[in-house]
Amino acid sequence: MVLHSNCLYFLLTQVLGILSVQIAITAGVSSAFLYVKPLQKYVETTQWIFYTCLGVSVVFMLILTCSDRVRRTWPYNIIALIIFTCAEALLLGSTIAFFNVKVVQKE
């Protein structure tokens with residue numbers, strides 16, 4: 008199967024655009040959990056954010072992997088991908104909250 012160069016270019020820009028948005032969301036949420044002290048204290052005292060986001064991530068990973076209808080239908084795949092990205096960003100952020108900024112940034 009040979010793809011037309013315009014189609015390949017469109018597909019590549021679309022995938023890289025979605026990936027860039029996912030990385031930006033994850034970086035923003037992670038930096039909030041890393042630098043905002045009240046948020047760090049809240050995550051350290053209550054761990055429901057971590058376990059809820061872990062469950063949501065696993066469920067949406069299974070949905071995106073196993074369901075052809077969700078994976079291949081336009082509005083459903085974007086909604087599922089946004090929920091999965093936000094859950095993963097919050098999961099990573101709640102993990103990062105337990106680290107010290109000076110240790111992470113040490114050269």
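Numbering (my numbering), first residue to last: 8 to 114.
Note that CB positions come from ideal geometry on N, CA and C, so glycine has one too.
| Quick check: the region 39-48 against the region 72-89, are there 3 or more CB pairs under 8 Å? | Verdict: no, contact absent.
| said: Suppose the cutoff is 7 Å on Cβ atoms and the five residues either side in sequence are ignored; what does the same chain contact list for residue 60 look like? | reply: Indexing the sequence shown from 1 puts residue 60 at position 53. Excluding residues within five positions, the ones whose Cβ falls inside 7 Å are 94, 97, 98 and 101.
| Straight-line Cα distance separating residue 22 from residue 47 | Here residue 47 refers to the residue found at position 40 when the sequence shown is read from its first residue. Here residue 22 refers to the residue found at position 15 when the sequence shown is read from its first residue. Between the alpha carbons of residue 47 and residue 22 lies a distance of about 33 Å.
| query | Quick one, are the C-beta atoms of residue 50 and residue 56 less than 8 Å apart? | reply | As a working mapping, residue 50 is identified with position 43 in the sequence shown. As a working mapping, residue 56 is identified with position 49 in the sequence shown. Yes. Within cutoff.
| Beta-carbon proximity of residue 69 to residue 77, cut-off 8 Å | What you label residue 69 is simply residue 62 of the sequence shown in a count that begins at 1. What you label residue 77 is simply residue 70 of the sequence shown in a count that begins at 1. Cβ atoms of residue 69 and residue 77: not closer than 8 Å.
| said: If distances are taken between C-alpha atoms only, which option among 110, 105 and 24 comes closest to residue 53? | reply: Reading the sequence shown from its first residue, position 46 is the one you call residue 53. Residue 53 has its Cα closest to that of 105, out of 110, 105 and 24.
| message | Looking only at its chain, what residues have a beta carbon closer than 7 Å to the beta carbon of residue 19, apart from the 5 residues adjacent to it on each side? | response | Within the sequence shown, residue 19 is the residue found at index 12, counting from 1. Excluding positions up to five away in sequence, the list is empty.
| task | Could you say which of 16, 11 and 103 lies nearest to residue 35 if we only look at CA atoms? | result | Taking the sequence shown and counting its residues from 1, one reaches residue 35 at position 28. Answer by Cα proximity: 103.
| What are the start and end residues of the alpha helix (DSSP H) that includes residue 91? | Residue 91 sits at position 84 when you count from the first residue of the sequence shown. Element bounds for residue 91: 81-103.
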